[in-house]
Amino acid sequence: MPYYNSAELTPIWYDPASKEIDNIHKIPSFKFTNQDGKSVSNESMKGKIYVVSFFFATCPAICTTVNLRLRQIQQEFLNDDKVQLISHSITPEIDTVEALHEYAKKHSIESGKWNLVTGKKSEIYQIARQGYFADEDLGKPNNKGNFLHTDNILLIDHNGRIRGVYSGMSSYAMFNLTDDIKLLKKELNTI
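Each residue of the sequence shown is one higher than the one before, starting from 1 at the first, in full-length UniProt numbering.
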């Protein structure tokens, strides 16, 4: 599977055992709060494969479709503690822990598997843009304004590196995401 090293999201292939991997982009440190009031950080995700998205609880459009697709991923890996989901609120001033808790209940989001996170808006947007390259479309900014809105879903490996980018609007992309998670699990077991 490829690695993604920059906002251009150009795939790069390396042998997972290669020393060259040490130079590949890693998700920087983060710490947010989930719908249960628990801390979610790069430390809590260490050694896990996780799927990243961005949404807001009152979104009437793409977020609903993306989260419906992510629910398929949740169900596929529900009993696998090495696979997690993190959906970052892009309106954290509205999406409080309580609001996210209600959203999770309403949308059958399983606590402990799928983390809806909130925090400081500046920190969420910084990690989105500089860590996950989430506001980018083949290296071109989707939205130069202050509002981050994307249907991109990212796959992060057990070492905190981007390994896949998928359209949350495509059911076919979710099949690819599922297959890629399984490939990463095999890779994790062979390293």
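The C-beta atom is built at its ideal place from N, Cα and C for all residues, glycine as well. Fair warning: this is a prediction, and the values are worked out from it, not measured in the lab.
| field | CA-to-CA distance, A57 to T10, given in whole angstroms | value | Residue numbering aside, residue 10 sits at position 10 when the sequence shown is read from its first letter. Residue numbering aside, residue 57 sits at position 57 when the sequence shown is read from its first letter. Each residue's alpha carbon lies about 31 Å from the other.
| message | Here's a check: name, in chain order, each residue in its chain whose Cβ is nearer than 7 Å to the Cβ of V97, leaving out the five neighbours to either side. | response | In the sequence shown, residue 97 corresponds to position 97, counting from 1. For V97, where only same-chain residues beyond five positions count, the Cβ hits under 7 Å are T33, Q35, G37 and T118.
| With respect to the alpha helix (DSSP H) encompassing S122, which residues constitute its N-terminal and C-terminal limits? | In the sequence shown, residue 122 corresponds to position 122, counting from 1. Residues K121 to Q126.
| field | Backbone secondary structure at T65 - three-state DSSP | value | Numbered from its first residue, the sequence shown carries residue 65 at position 65. Looking at T65 - three-state DSSP - the assignment turns out to be helix.
| message | Taking the alpha carbon of N152 as the reference point, which residue from S167, K105 and I94 has its own alpha carbon closest? | response | As a working mapping, residue 152 is identified with position 152 in the sequence shown. If we check each option's Cα against that of N152, S167 comes out closest.
| field | Cβ contact check for the segment 17-25 and the segment 83-98: 3 or more pairs under 8 Å | value | Judged by Cβ distances under 8 Å, the segment 17-25 makes no contact with the segment 83-98, as fewer than three pairs qualify.
| field | Continuous alpha helix (DSSP H) assignments of at least 4 residues falling wholly in the segment 2-51 | value | 42-45
| query | Between V66 and the rest of its own chain, which residues show a CB-CB distance below 8 Å, the 5 nearest in sequence each way excluded? | reply | Residue numbering aside, residue 66 sits at position 66 when the sequence shown is read from its first letter. Excluding sequence neighbours, V66 sits near S53, F55, D151, I153, G168 and M169.
| said: Between the alpha carbons of V165 and L155, how many angstroms are there, rounded? | reply: Mapped onto the sequence shown, residue 165 falls at position 165. Mapped onto the sequence shown, residue 155 falls at position 155. Cα-Cα distance, rounded: 6 Å.
| query | What did DSSP end up calling L154 once you bin it into helix, strand or coil? | reply | The residue labelled residue 154 in the question sits at position 154 within the sequence shown. Of the three classes helix, strand and coil, the one that applies to L154 here is strand, per DSSP.
| Given a threshold of 16 other Cβ atoms within 10 Å of its Cβ, counted over all protein chains shown, does F30 qualify as buried or as exposed? | If you number the sequence shown from 1, residue 30 lands on position 30. Flag for F30 reads buried.
| Sequence-distant residues of the same chain with beta carbon closer than 8 Å to K46, five excluded per side | If you number the sequence shown from 1, residue 46 lands on position 46. Answer for K46: H158 and G160, listed in chain order.
| said: Given a cut-off of 7 Å on the beta-carbon distance, is the pair Y4 and I162 in contact? | reply: On the sequence shown, position 4 is the one that residue 4 refers to. On the sequence shown, position 162 is the one that residue 162 refers to. Cβ distance < 7 Å, so Y4 and I162 count as in contact.
| task | Grab the span of the beta strand (DSSP E) containing L85 for me, first residue to last. | result | Here residue 85 corresponds to residue number 85 of the sequence shown, with the count starting at 1. Here the beta strand (DSSP E) through L85 covers V83 to S89.
| Counterpart residues of S167 in DSSP-defined beta bridges | One-based indexing of the sequence shown puts residue 167 at position 167. N152, per the DSSP bridge assignment.
| Thinking C-beta only, is L100 closer than 7 Å to L116? | Indexing the sequence shown from 1 puts residue 116 at position 116. Indexing the sequence shown from 1 puts residue 100 at position 100. L116 places its beta carbon less than 7 Å from that of L100.
| query | Under a Cβ-count criterion, where at least 16 other Cβ atoms within 10 Å of its own Cβ denotes burial, should G131 be classed as buried or exposed? | reply | The sequence position of residue 131 within the sequence shown is 131, counting from 1. Classification for G131: buried.
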